[in-house]
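Following my numbering, the numbering of the sequence shown begins with 10 at its first residue and continues without gaps.
Here is the structure we will look at.
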Amino acid sequence: MLETMCKRRSIRSFTGEPITDEELALILKAAQSAPIGRKEYDTLTITVVKSKEFMEAFDKGAGEFFGDPNKHPLYGAPMIIIVSSALCDGPRINTYYSNAACVVENMALEAVELGVGACHIWGAMIALRQMPQLVEKLGIPADQTPCCGLVLGKTTEKYEPREIPADRIKVTCVE
Ligand SMILES: Cc1cc2nc3c(=O)[nH]c(=O)nc-3n(C[C@H](O)[C@H](O)[C@H](O)COP(=O)(O)O)c2cc1C
Numbered sequence: 010m011l012e013t014m015c016k017r018r019s020i021r022s023f024t025g026e027p028i029t030d031e032e033l034a035l036i037l038k039a040a041q042s043a044p045i046g047r048k049e050y051d052t053l054t055i056t057v058v059k060s061k062e063f064m065e066a067f068d069k070g071a072g073e074f075f076g077d078p079n080k081h082p083l084y085g086a087p088m089i090i091i092v093s094s095a096l097c098d099g100p101r102i103n104t105y106y107s108n109a110a111c112v113v114e115n116m117a118l119e120a121v122e123l124g125v126g127a128c129h130i131w132g133a134m135i136a137l138r139q140m141p142q143l144v145e146k147l148g149i150p151a152d153q154t155p156c157c158g159l160v161l162g163k164t165t166e167k168y169e170p171r172e173i174p175a176d177r178i179k180v181t182c183v184e
């Protein structure tokens, strides 16, 4: 597991070829095995988006939202798996975003195992939330918000073992 985690990195170049149904099934199995606060599974929805039309509209809209129509925030990936969550303004807001992140990271790790390209997408979700005509297509419950996603596709890039500095994130200890 640690080897897979150290190999994981964001892949942002895709051949355009989709992942196979078998690969998708394993990635979704990884998603379903994520830890979810208080087991509130029904506060989340996982949406597999394969529609070329949706991907193009989302990518274009997000590029424009960020002020650069030449930018491709979805990197030409053939698909995205979007994780939507019920959010709240209360003290448990951290739980709901975290649930979604746990699902996405589980899928990202399985993508490494399978050797398929994957990248977390959070920035473009801000843009998606401004595109009601696309959000509507997701068919998610009215109380849920698209939080994050994982673009996926075949890539020519390889996941290689990486040296991860032990102090990349500050670690402190209270004894
Ligand atoms: C919460 C979160 C949000 C992220 N959002 C994006 C994003 O919108 N677009 C993107 O290209 N990468 C995104 N990433 C990937 C990070 O940029 C990436 O993990 C970081 O640069 C470290 O590189 P690595 O994944 O190759 O180790 C996100 C990662 C996380 C955990």
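Even glycine gets a Cβ: it sits at the ideal position worked out from N, Cα and C.
Being a predicted model, the structure only gives us computed values, none of them experimental.
Buried or exposed by the 16-neighbour rule on C-beta atoms within 10 Å, applied to E119: buried
heavy atom of ligand 1 below 7 Å from I130 C-beta: yes
Spatially closest choice to H129 from A136, M116, R138, by CA coordinates: M116
Proximity to K16 [Cα-Cα], best of E73, E122, G148: E122
G162 to L33 span [Cα, whole Å]: 10 Å
Extent of the continuous beta strand (DSSP E) run through L53: 53-58
Identified DSSP bridge partners for A127: L161
Simplified DSSP state of P44, which is helix, strand or coil: coil
beta-carbon R21 near ligand 1 non-hydrogen atom, thresh 7 Å: yes
Cβ contact check for the region 89-101 and the region 147-155: 3 or more pairs under 8 Å: yes
Short Cβ contact (8 Å threshold) for G72 with K80: yes
Exposed unless 16 or more other CB atoms sit within 10 angstroms - verdict on M134: buried
Exposure label - L137; buried when at least 16 CB within 10 Å: buried
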